[in-house]
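Notes follow once the structure below has been shown.
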Amino acid sequence: MWHKPLHNRTKLLRLIADGELHSGEALGNTLGISRTAIWKIINSLSHYGVTIAAVKGKGYRLSRPMEFLDREILLSGISSSTKKILNKLELFEEIESTNQYLLENLQGSDKHGNVVLAEYQTHGRGRRDSTWISPFGSGLCLSARWHFEQPLDSLACLSLAVGSAVIRVLEKMGFEGVGLKWPNDIFFQNRKLGGLLIETRGETAGPCDVVIGMGLNIAFPVDFEANINQPWIDLVSIKDPVPSRNVIAAELISELMLLLDAYAETDARDIINEWQKYDCMRGKLAKLILPDKNITGQVVGVDNDGALLMSVNDNVRKFTAGEISLRAES
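See below:
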């Protein structure tokens, strides 16, 4: 079920996951360690972004209840049609990067439908070598692998298709007003809710392997602070109570697997049309941040190759992904 035995850290978190007060003595007795050892574990959890309050004479409690990933719940929530193409589901308590793990294991016999989830990433990655920050057990860190026989350029709209799939799942769960920011950010009211990282390996003319990483903020600790370089938000701040973390993950896995299975036969125009419905930047004045310069213009949309279209000095220009960042002008 889980890779590697669970540490005392995780065992303790499971004991206090309900958000109620638990005495150090009771926790120590359950785990078979001293109260001092409990205190040391509690202090170490700040490294993982976990906020635990110590109430003098009463014990410890999480700032917000935590739901752990559960393989049985995940599998029970995944659609029967998805189970036919879901090859392997792996859960990690802690991992360097879910994307990196799949990239390092591309040589295996499995080609399709490998999915990895982790409670915490020590080196989570975003676009442009940025760091993806998510406290232990507070978001979704999910990656999936798929093998395509098609050339790389046929995957130009894949990130747009995946982004739309995420929005469909969130809308189904009652989250209205969530949008997409080109090329692969999930936004709500100008704050980042999640993001995608798509990495490819293979020949330009095909075949190729694709690893799709997905990060989604679900329910961060109440007073969580981190060195995040832009405004952010989590699902529980949009709608409380938030649906089960396992249910959200199962729905996303189902949608993602079916999308990947059908992608080769999907018309790019249909992908573009759906994505444009969710484009939260269209018509806005924006700034493209390039490696060597910044460009200001009005967002027009995307073309049939998934490239950004911007009106700059009354001329519509095309920009591809890569080293490009898009931010709304204030």
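Sequential numbering from 297 applies to the sequence shown in our numbering.
Positions of the beta carbon are idealized from the N, C-alpha and C atoms, including for glycine.
Note that this is a predicted model, so its numbers are computed, not measured.
Do you know how far the Cα of Pro-479 is from the Cα of Tyr-574?
12 Å
Can you round the beta-carbon distance between Ile-514 and Asp-536 to whole angstroms, since I take them to be within the 8 Å contact cut?
About 11 Å; that fails the 8 Å criterion.
When you compare the CB positions of Gly-435 and Leu-309, do they come within less than 9 Å of one another, or not?
no
From this set, His-318, Ala-564, Glu-495, which residue's C-alpha is nearest Leu-358's C-alpha?
Measuring from the Cα of Leu-358, the nearest candidate turns out to be His-318.
I'd like the list of long-range same chain contacts for Glu-368, defined as Cβ closer than 8 Å, with 5 residues on each side in sequence excluded.
none
When DSSP labels each residue in this structure, what does Tyr-356 get in the three-state scheme?
Assignment of Tyr-356 by DSSP, reduced to helix, strand and coil, places it in the strand class.
Cα separation between Ala-414 and Met-553?
18 Å
Give a yes or no on whether the C-beta atoms belonging to Gln-417 and Ile-391 are separated by under 9 Å.
yes
CA-to-CA distance, Ser-607 to Gly-490, given in whole angstroms
27 Å
How many angstroms separate the CA atom of Lys-379 from the CA atom of Lys-354?
Their backbone Cα atoms lie some 46 Å apart in a straight line.
How far does the alpha helix (DSSP H) with Ser-439 in it extend, from its first residue to its last?
No alpha helix (DSSP H) contains Ser-439, which is instead part of the beta strand (DSSP E) from 435 to 444.
State the Cα-Cα distance for the pair Leu-311 and Asn-600, rounded to the nearest angstrom.
Straight-line Cα distance between these residues: approximately 51 Å.
Please report the straight-line C-alpha distance between Thr-500 and Leu-454, rounded to a whole angstrom.
16 Å
In angstroms, rounded to a whole number, what distance separates the CA positions of Ile-329 and Lys-307?
Taking the Cα positions, Ile-329 is about 12 Å away from Lys-307.
Going by DSSP in three states, Ser-375 sits in which element: helix, strand or coil?
coil
Can you tell which of Leu-385, Ile-463, Gln-396, Phe-483 has the C-alpha that lies nearest to the C-alpha of Arg-497?
Gln-396
Delimiting residues of the alpha helix (DSSP H) encompassing Arg-578:
Premise fails: Arg-578 is in no alpha helix (DSSP H) and is neither H nor E.
Which residues mark the beginning and the end of the beta strand (DSSP E) in which Gly-315 is found?
Neither: Gly-315 is in no beta strand (DSSP E) and is coded neither H nor E.
Using a 10 Å radius around the Cβ and a threshold of 16 neighbouring Cβ atoms, would you call Arg-541 buried or exposed?
buried
Can you name the start and end residues of the alpha helix (DSSP H) that Lys-468 belongs to?
Unbroken alpha helix (DSSP H) run through Lys-468: 454 to 468.
What is the rounded straight-line gap between the Cα of Gly-433 and the Cα of Thr-562?
35 Å
Between the beta-carbon of Val-518 and the beta-carbon of Arg-360, is there less than 9 Å?
yes
Name, in chain order, the residues that DSSP records as bridge partners for Phe-483.
Gly-475, Lys-488
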